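Novice: Just so we're aligned, residue 59 is where the sequence shown starts under my numbering, counting upward by one.
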Amino acid sequence: EVVSGTVLYEKNADEPLPEASTTKIMTALLVLELSDPTQKITISSAAAAVEGSQLGLTAGDTLSVSDLLYALMLKSGNDAAVALAEGVAGDQATFVKKMNEKAAELKLNDTQFQNPHGLPAEGHYTTARDLATLTAVALENARFKKLVSTQKVKLTYKNMIISNSNKLLYSCDGVFGVKTGFTKAAGRCLVSVAERKGVQLIC
59 EVVSGTVLYE KNADEPLPEA STTKIMTALL VLELSDPTQK ITISSAAAAV EGSQLGLTAG
119 DTLSVSDLLY ALMLKSGNDA AVALAEGVAG DQATFVKKMN EKAAELKLND TQFQNPHGLP
179 AEGHYTTARD LATLTAVALE NARFKKLVST QKVKLTYKNM IISNSNKLLY SCDGVFGVKT
239 GFTKAAGRCL VSVAERKGVQ LIC
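Written out as structure tokens, the structure reads:
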């Protein structure tokens with residue numbers, strides 16, 4: 059339960075596992091805390107070349123932080139994740155250091171990040187409990203809550219219209235987030251949150 063932190067059901071809650079793109083919950087929260095939405099970021103060749111799910115950014119393109127965040131959380135763009143990390147912290151390694159510092163600050167004791175997107179990497183893992191704790195904190199940020207609850211948005215970038223890959227937003231009453239994820243190593247991952255009759259639950 060979001061407000062009190064009461065755990066209503068748990069199973070293997072403290073088992074460290076790869077978390078795929080649910081990593082981007084931390085990436086988005088940090089970017090929201092450390093940058094201005096109107097800040098412009100130029101896409102590097104590293105960001106454009108990252109594998110997995112992408113928006114399809116090209117090296118040299120310039121986007122706002124706001125557009126990149128929508129690409130990150132609605133389309134799960136790994137290219138957007140790298141671009142945001144580089145744009146906010148100067149390089150990926152520095153951003154990942156900030157991710158781990160934030161995890162320590164929030165007492166996510168079974169979480170370790172190696173990248174901003176969640177592609178498989180040795181030493182990149184979290185637990186269901188830590189993801190729930192992180193999500194509860196992130197939902198305190200109104201911009202984060204608006205971001206993950208957005209079903210469809212028109213970007214300034216190429217006037218592109220993108221839809222949220224989280225199908226629960228369209229199919230389950232009261233759901234307003236948060237993030238899907240998939241890699242072969244992690245399997246299918248989901249952090250969801252719903253509100254009914256004033257009660258908010260994170261799953």
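We treat Cβ as the ideally placed atom computed from N, Cα and C, and that holds for glycine.
Source: prediction; values computed, not measured.
Does the beta-carbon distance from Thr241 to Pro178 come in below 8 Å?
Specialist: yes
Novice: Closest to Pro95 by C-alpha separation, out of Ala104, Leu127, Val60, would be which residue?
Specialist: Leu127
Novice: Going by DSSP in three states, Ile83 sits in which element: helix, strand or coil?
Specialist: For Ile83, the three-state secondary structure derived from DSSP is helix.
Novice: Tell me whether the segment 155-165 and the segment 243-254 touch, counting them as touching only if at least three CB pairs, one residue from each stretch, are closer than 8 Å.
Specialist: no
Novice: Quick one: residues in its chain with C-beta nearer than 8 Å to the C-beta of Asn199, no 5 flanking neighbours on either side, listed in chain order?
Specialist: Leu87, Leu90, Glu91
Novice: Measure the alpha-carbon distance for Ala161 versus Thr238 and round it to whole angstroms.
Specialist: 20 Å
Novice: When the Cβ atoms of the segment 183-194 are set against those of the segment 65-73, are three or more pairs found closer than 8 Å?
Specialist: They touch, by the three-pair rule.
Novice: From the DSSP output, read off the bridge partner residues of Val251.
Specialist: Gly235, Ile260
Novice: Output needed for Ala143: all residues of its chain with C-beta closer than 6 Å, excluding positions within five of it in sequence on either side, in chain order.
Specialist: Hits under 6 Å: Gln150, Phe153, Pro174.
Novice: Taking just the CA atoms, how far does Leu259 sit from Ser62?
Specialist: 10 Å
Novice: Quick one, which of Ala139, Thr100, Leu197 has its alpha-carbon nearest Ser111's?
Specialist: Ala139
Novice: Output the residue ranges of the beta strand (DSSP E) runs that lie fully inside the segment 95-163 and measure 3 residues or longer, sorted by chain position.
Specialist: 98-100, 120-122
Novice: Straight-line CA distance for Ile99 to Leu75?
Specialist: 32 Å
Novice: Going by C-alpha to C-alpha distance, which of Leu115, Gln172, Ser79, Ala190 sits closest to Cys261?
Specialist: Ala190
Novice: Report the residue from Ala107, Lys210, Gly245, Tyr215 whose alpha carbon sits nearest the alpha carbon of Gly235.
Specialist: Lys210
Novice: Counting only the same chain and skipping the five closest in sequence on each side, list residues whose C-beta sits under 8 Å from that of Val195.
Specialist: Leu87, Leu164
Novice: With 16 as the cutoff for other CB atoms within 10 Å, does Ala107 come out buried or exposed?
Specialist: Exposed, because fewer than 16 other Cβ atoms sit within 10 Å of the Cβ of Ala107.
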